[in-house]
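*Asks:* I have a structure here, written as structure tokens, and I will follow up with some questions on it.
Protein chains: 2
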Amino acid sequence: MTRAVPSAARAILDGDRRALARAISQVENRDPSVAPVVRALYSHVRNVPVVGIAGPLGVGKSSLINLLVARLRELGRTVAVVAVDPSSPYSGGSVLGDRIRFSRRADDGGVFFRSMASRGEAGGLAAATREVTRMLAAANFEVVLVETVGSGQVDIAVRDVATTSVVVLVPHLGDEVQTLKAGLFEIADVFCVNKADLPGAELARKDLAELVGLAAARGAWTPRVVSTSTFPTPPLGIAELWSAIEDHERFLDDSGQRATEERRRLATEIVELVRERVGRELSERIDRAPGLRKLLDEVVARRIDPRTAAERVERDRPRRG
Amino acid sequence: MTRAVPSAARAILDGDRRALARAISQVENRDPSVAPVVRALYSHVRNVPVVGIAGPLGVGKSSLINLLVARLRELGRTVAVVAVDPSSPYSGGSVLGDRIRFSRRADDGGVFFRSMASRGEAGGLAAATREVTRMLAAANFEVVLVETVGSGQVDIAVRDVATTSVVVLVPHLGDEVQTLKAGLFEIADVFCVNKADLPGAELARKDLAELVGLAAARGAWTPRVVSTSTFPTPPLGIAELWSAIEDHERFLDDSGQRATEERRRLATEIVELVRERVGRELSERIDRAPGLRKLLDEVVARRIDPRTAAERVERDRPRRG
């Protein structure tokens, strides 16, 4: 597209971190004024590994990510981390992000950390997170790690963001973990049994490897199971975890699945963006625009049911452009 | 509206529980064939208390609900319980619902229990749950209890369903609870400090009462704080909990807030139904309809960005009806 490139976009392409942080906040807050920046950056986005790190609270995702970042820096790769928090749409702010941020070395320009609050809906979050990961790729980060903090729905949404999904578990799974497990199992490209120093870790790894073997299909990727332990120095399994992730990224290219998946994700993203636009526009108008207001009156009076009202609203929604 | 009343709707109005259960499943699965039933029932819906019971896992919501149900039966009220589970959109099924169901007396026709799986999005869930609560009201249940199982986002969504929101907490709040608390605090009409037998319960109650006092605004409802304990026989505070809920329901009528809130909820529901329709229709067409497919190709080729694509899709979306 032939549009003028906004200065913010140029700054981001030139590695200006403050411009990057500002644009990310605008995306997070769904500030429409960031649209030209997002547009301008899109053609500069390269396909980088976007690694989702999912799993319930308390399995040690943050420590794992700190060590993965360190490992990637050893390998000379620049890395950005996006932590997605299940904070309330009311209180907004990111609760766990700060704790994580402080554990990072502020003086390393090759690392960028950002936490994002999840605004109510998994779908909208995925769309926003995808825009942010693309901004980070355009800003020349070679790997993007996306951590989700303990909400099943948000974890699942990572599937629409990450090229490789790592699911972190611990030897003894409590009730809640069991609840999440089924869903998590289906998104995992790599399983990470963390706290491998705990009793039962080897059994958990074996069980998972077996489950994974049963689920394996010809030509498809068979999820890898890696054991890690972040407590000892040096920690265990971090290099293995990263190579399992790289193996999956290689599989995506060799199998042609990266292109298929990216197409599916972009389709999902477009649908979500349209849903968002429609929802935003309608929320503003439904109790203001005279026609809609009358319709709402009829629904309140129980003369028209909400489904019928929704049909009429959709039918009568003004076209754009 | 002058439409023929489907036999399923008649059966539900006449108290046929199997017809009711079937229709609820159809709503839960977003089966469009249930639309005529939903429509026919809408004009028969009465305003009954819809009590949301929210709070993190492990605070004892299920036991509280069992006791509230018993209390309501003592008072001669019929009651329906909807348990909303944070199950994954993949594995679908309701995990905790069954455990709860088994603890109920199957032979009491004045009680109806149903668990619903939350399909991915808090918004869609709220819309589906609202349709179900209206069906239950049309089926002559005098009180509807909605339990949400431990996902912050889902808890928050209860605000769009319940006329009275009860937030259940326990004396010593862990990290996760703290994370949810901010959001939960803002939806609570009644706070229930459960496990009041534990040390620190009285302090927790006092702290909450103080917080609530600070937040109190003139003319508005000041959330009530009730202590309960489900372990001793007889259990403690259940009657008090129910009267706090009834006080809030009375406030809704006296202040005229019931009407305002119901209007807001219906507006939100209509917006969500439109979003759903748009999303469903578009997901089906985006990689099939030639025009959309070409557009998606351009996005995949990074020649058009997703936001621009979304604008065009919305502009060109065919009108209905």
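Chains A and B supply the protein sequences, listed in that same order.
Take the first sequence: its position 171, counted from the start at 1, is 1662 in the numbering used here, and no numbers get skipped.
Take the second sequence: its position 99, counted from the start at 1, is 1590 in the numbering used here, and no numbers get skipped.
The beta carbon of each residue, even a glycine, is placed where N, CA and C say it ideally should be.
Between A:Ile1795, A:Ala1700, A:Ala1512, A:Leu1548, which has its C-alpha nearest A:Glu1622's C-alpha?
*Replies:* Locating residue 1622 of chain A in the first sequence gives position 131, counting from the first residue. Nearest C-alpha to A:Glu1622: A:Ala1512.
*Asks:* Using 8 angstroms as the threshold, is the segment 1761–1770 of chain A in touch with the segment 1718–1737 of chain B, meaning 3 or more CB pairs across them?
*Replies:* no
*Asks:* Where A:Thr1721 and A:Gly1549 are concerned, what is the direct C-alpha to C-alpha distance, given to the nearest angstrom?
*Replies:* The residue labelled residue 1721 of chain A in the question sits at position 230 within the first sequence. The residue labelled residue 1549 of chain A in the question sits at position 58 within the first sequence. Per the coordinates, the alpha-carbon of A:Thr1721 lies some 13 angstroms from the alpha-carbon of A:Gly1549.
*Asks:* Count the other CB atoms within 10 Å of the CB of B:Gly1543; is the residue buried (16 or more) or exposed (fewer)?
*Replies:* Residue 1543 of chain B sits at position 52 when you count from the first residue of the second sequence. That one is buried.
*Asks:* If we call anything under 9 angstroms between Cβ atoms a contact, is A:Ala1574 one with A:Phe1632?
*Replies:* Position 83 of the first sequence, counted from the first residue, corresponds to residue 1574 of chain A. Position 141 of the first sequence, counted from the first residue, corresponds to residue 1632 of chain A. Cβ atoms of A:Ala1574 and A:Phe1632: not closer than 9 angstroms.
*Asks:* Got a sec? Which residues, its chain only, sit under 6 angstroms from B:Val1668 by beta carbon, not counting five neighbours each side?
*Replies:* Counted from its first residue, the second sequence places residue 1668 of chain B at position 177. Unreliable placement is indicated for B:Val1668, whose pLDDT of 49 sits below 50; no coordinate value is reported for it.
*Asks:* Measuring only the C-alpha atoms, how far is B:Asn1520 from A:Val1661?
*Replies:* What you label residue 1520 of chain B is simply residue 29 of the second sequence in a count that begins at 1. What you label residue 1661 of chain A is simply residue 170 of the first sequence in a count that begins at 1. Cα-Cα distance, rounded: 33 angstroms.
*Asks:* With a threshold of 9 angstroms between beta-carbons, can A:Ala1801 be considered close to chain B, or not?
*Replies:* Here residue 1801 of chain A refers to the residue found at position 310 when the first sequence is read from its first residue. Cβ-Cβ to chain B under 9 angstroms: yes for A:Ala1801.
*Asks:* Can you pull the chain A neighbours of B:Ala1526, defined as C-beta to C-beta under 8 angstroms?
*Replies:* Counting from 1 along the second sequence, the entry for residue 1526 of chain B is found at position 35. Within chain A, the C-beta atoms nearer than 8 angstroms to that of B:Ala1526 come from Arg1798, in chain order.
*Asks:* List the whole-angstrom C-beta distance separating A:Arg1715 from A:Val1681, where the pair is believed to meet the contact cut-off of C-beta under 8 angstroms.
*Replies:* For the purposes of this step, residue 1715 of chain A is taken as the residue at position 224 of the first sequence. For the purposes of this step, residue 1681 of chain A is taken as the residue at position 190 of the first sequence. Their Cβ separation, rounded to whole angstroms, is 5 angstroms, which keeps A:Arg1715 and A:Val1681 in contact under 8 angstroms.
*Asks:* With a cut-off of 9 angstroms, does the C-beta of B:Ile1777 fall near any C-beta of chain A?
*Replies:* As a position in the second sequence, residue 1777 of chain B is number 286, starting the count at 1. Chain A, which has a Cβ nearer than 9 angstroms to the Cβ of B:Ile1777, makes this yes.
*Asks:* Pick helix, strand or coil for B:Phe1676, following the three-state DSSP scheme.
*Replies:* For the purposes of this step, residue 1676 of chain B is taken as the residue at position 185 of the second sequence. It is helical.
*Asks:* Between the segment 1754–1781 of chain A and chain B, which residues of the former have CB atoms less than 7 angstroms from a CB of the latter, in chain order?
*Replies:* Arg1754, Leu1757, Ala1758, Glu1760, Ile1761, Val1762, Leu1764, Val1765, Arg1766, Arg1768, Val1769, Gly1770, Leu1773, Ser1774, Ile1777, Asp1778
*Asks:* Based on DSSP bridge pairs, tell me the residues matched to B:Ala1735.
*Replies:* Position 244 of the second sequence, counted from the first residue, corresponds to residue 1735 of chain B. Paired residue(s): none; B:Ala1735 is not in a bridge.
*Asks:* Taking the beta carbon of B:Asn1557 as the centre, do at least 16 other beta carbons fall within 10 Å, making it buried, or is it exposed?
*Replies:* The residue you call residue 1557 of chain B lines up with position 66 of the second sequence. Under this definition B:Asn1557 is a buried residue.
*Asks:* Kindly give me the distance between the Cβ atoms of A:Val1649 and A:Ala1561, rounded to whole angstroms, as I take these residues to be in contact under 8 angstroms.
*Replies:* Numbered from 1 along the first sequence, position 158 holds the residue referred to as residue 1649 of chain A. Numbered from 1 along the first sequence, position 70 holds the residue referred to as residue 1561 of chain A. Wrong, their Cβ atoms sit about 22 angstroms apart, outside the cutoff.
*Asks:* Any idea which residues DSSP pairs B:Met1607 with across the strands?
*Replies:* Residue mapping note: residue 1607 of chain B aligns to position 116 of the second sequence, counting from 1. Looking at the DSSP assignment, B:Met1607 forms a beta bridge with B:Val1575.
*Asks:* For B:Ser1656, which three-state DSSP category applies?
*Replies:* As a working mapping, residue 1656 of chain B is identified with position 165 in the second sequence. B:Ser1656 falls in the strand class under three-state DSSP.
*Asks:* Mind checking whether A:Ser1718 and A:Glu1693 have CB atoms under 9 angstroms apart?
*Replies:* Working through the first sequence from its first residue, we reach residue 1718 of chain A at position 227. Working through the first sequence from its first residue, we reach residue 1693 of chain A at position 202. Contact flag set, yes.
*Asks:* Is B:Ala1618 close to chain A? Criterion is C-beta to C-beta, closer than 9 angstroms.
*Replies:* The sequence position of residue 1618 of chain B within the second sequence is 127, counting from 1. Interface residue, yes.
*Asks:* Determine the DSSP secondary structure at B:Ile1777, reduced to helix, strand or coil.
*Replies:* The residue labelled residue 1777 of chain B in the question sits at position 286 within the second sequence. Of the three classes helix, strand and coil, the one that applies to B:Ile1777 here is coil, per DSSP.
*Asks:* Considering A:Val1528, what are the terminal residues of the beta strand (DSSP E) in which it resides?
*Replies:* As a working mapping, residue 1528 of chain A is identified with position 37 in the first sequence. Note, A:Val1528: premise wrong, no beta strand (DSSP E); alpha helix (DSSP H) at 1526–1533.
*Asks:* Quick one: does A:Val1529 have its CB under 9 angstroms from some CB of chain B?
*Replies:* Working through the first sequence from its first residue, we reach residue 1529 of chain A at position 38. Residue-level contact check: A:Val1529 touches chain B, since one or more beta carbons of chain B fall below 9 angstroms from its beta carbon.
*Asks:* Would you call the CB atoms of B:Leu1504 and B:Arg1625 closer than 9 angstroms?
*Replies:* Position 13 of the second sequence, counted from the start, is the residue given in the question as residue 1504 of chain B. Position 134 of the second sequence, counted from the start, is the residue given in the question as residue 1625 of chain B. No; because the gap between Cβ atoms is not below 9 angstroms, this pair is not in contact.
*Asks:* Which same chain residues end up closer than 6 angstroms to A:Thr1569 when comparing Cβ atoms and leaving out the 5 residues on each side of it in sequence?
*Replies:* Against the first sequence, residue 1569 of chain A aligns to sequence position 78. The answer, listed in chain order, is Gly1601, Phe1632, Glu1633.
*Asks:* Mind checking the segment 1497–1528 of chain B against chain A and listing, in chain order, the residues whose C-beta falls within less than 9 angstroms of any C-beta there?
*Replies:* Ala1526
*Asks:* Within its chain, find whatever has a CB closer than 6 angstroms to the CB of A:Arg1501; leave out the 5 residues flanking it on each side and keep chain order.
*Replies:* Numbered from 1 along the first sequence, position 10 holds the residue referred to as residue 1501 of chain A. Counting only Cβ-Cβ distances below 6 angstroms, and skipping sequence neighbours, we find nothing.
*Asks:* Would you check if the distance between the CB atom of A:Val1635 and the CB atom of A:Ala1628 is smaller than 9 angstroms?
*Replies:* In the first sequence, counting from the first residue as 1, residue 1635 of chain A sits at position 144. In the first sequence, counting from the first residue as 1, residue 1628 of chain A sits at position 137. Cβ atoms of A:Val1635 and A:Ala1628: closer than 9 angstroms.
*Asks:* Does any CB atom of chain B fall closer than 9 angstroms to the CB of A:Ala1750?
*Replies:* The count along the first sequence starts at 1 and reaches residue 1750 of chain A at position 259. The beta carbon of A:Ala1750 falls within 9 angstroms of a beta carbon belonging to chain B, placing the residue at that interface.
*Asks:* From what residue to what residue does the alpha helix (DSSP H) around B:Val1560 run?
*Replies:* Taking the second sequence and counting its residues from 1, the one referred to as residue 1560 of chain B is at position 69. Per DSSP, B:Val1560 belongs to the alpha helix (DSSP H) from 1552–1565.
*Asks:* State the DSSP-derived secondary structure class of A:Val1539, mapped to helix, strand or coil.
*Replies:* Walking along the first sequence from the start, residue 1539 of chain A turns up at place 48. DSSP places A:Val1539 in coil when its eight states are reduced to three.
*Asks:* Which residue marks the beginning of the beta strand (DSSP E) containing B:Glu1802, and which one marks its end?
*Replies:* One-based indexing of the second sequence puts residue 1802 of chain B at position 311. B:Glu1802 -> not in any beta strand (DSSP E); alpha helix (DSSP H) instead, spanning 1797–1807.
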